[in-house]
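Numbering (the UniProt record's numbering), first residue to last: 1 to 182. First comes the structure, then the notes that go with it.
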């Protein structure tokens, strides 16, 4: 006998004047996050310590060391961004009148901010790599109630897909709400 384990994503959906959808990423294990944070902080502070040491002995600062520090700081920034995404990451989609706002919230900053104006909007979900229209009824709603899918918005021919997944029933709710309000 085969058992399917469905993961329920953590999301917040608010249907009022606007559609507000927040899809939280699955949190990584604490041990992995600790390792990422340790390397991010180490790569950031070790060059600073060596820079202070080289400055105090009076030998001068080699150009290769400065280049290494710059690469280290960039790598440290990337690891910090990776840590924040896996700890606090949220994908935010807000649909207002004729405007879709999409960004990734890392708690300390926002990234990939997009504001897209549109005349028409259609909602799809991805099923095995194929986009299916969410306004059309699913063959067996009980069978598909707990299945998570990527939501896709077609804005005047331009597709915008979410990174995270939400239950199919929520995608259908969003589609029905947008059809009623537009």
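Yeah, the Cβ is synthetic: ideal placement off N, Cα and C, and Gly gets one too.
### Message
Measuring straight from C-alpha to C-alpha, what distance separates residue 234 and residue 178?
### Response
Outside the displayed range of the chain (1 to 182) lies residue 234, so it cannot be described from this structure.
### Query
Along the chain, where does the beta strand (DSSP E) that runs through residue 164 open and close?
158-167
### Task
Report all residues from its chain with a CB closer than 6 Å to the CB of residue 114; omit the five preceding and five following residues, and keep chain order.
102
#### Entry: Start-to-end residues for the beta strand (DSSP E) that takes in residue 124
121-127
### Task
Just grab the DSSP bridge partners of residue 154 for me.
122, 159
### Message
Could you compute how far the alpha carbon of residue 52 sits from the alpha carbon of residue 74?
### Response
19 Å
#### Entry: Start and end residues, beta strand (DSSP E) containing residue 22
19-24
### Task
Jot down the residue ranges of each uninterrupted beta strand (DSSP E) in the region 34-116, minimum 3 residues, whole runs only, in chain order.
90-96, 99-105
### Query
By DSSP, does residue 147 sit in helix, in strand, or in coil?
coil
### Task
Could you tell me whether any non-hydrogen atom of the ligand GDP is closer than 6 Å to the CB of residue 26?
Here there are no bound small molecules, and the ligand GDP is not part of this structure.
#### Entry: C-alpha gap between residue 33 and residue 81, whole angstroms
11 Å
### Query
Less than 7 Å separating the beta-carbons of residue 155 and residue 93?
no
#### Entry: Alpha-carbon to alpha-carbon, residue 152 and residue 8
Legend: pLDDT at residue 8 = 48, less than 50; position of this residue unreliable, no value from coordinates given.
### Task
Identify, in the order they occur along the chain, each residue of the same chain with its Cβ nearer than 7 Å to the Cβ of residue 172, setting aside the five sequence neighbours on each side.
134
### Query
Are the CB atoms of residue 106 and residue 112 nearer to each other than 7 Å?
no
### Task
State yes or no: is the C-beta of residue 24 within less than 7 Å of the C-beta of residue 10?
yes
### Task
Could you please give the first and the last residue of the uninterrupted beta strand (DSSP E) stretch that includes residue 133?
130-133
### Exposed unless 16 or more other CB atoms sit within 10 angstroms - verdict on residue 4
With a pLDDT of 39 at residue 4, under the threshold of 50, the modelled position of that residue is not reliable, and the figure given next carries that caveat. Flag for residue 4 reads exposed.
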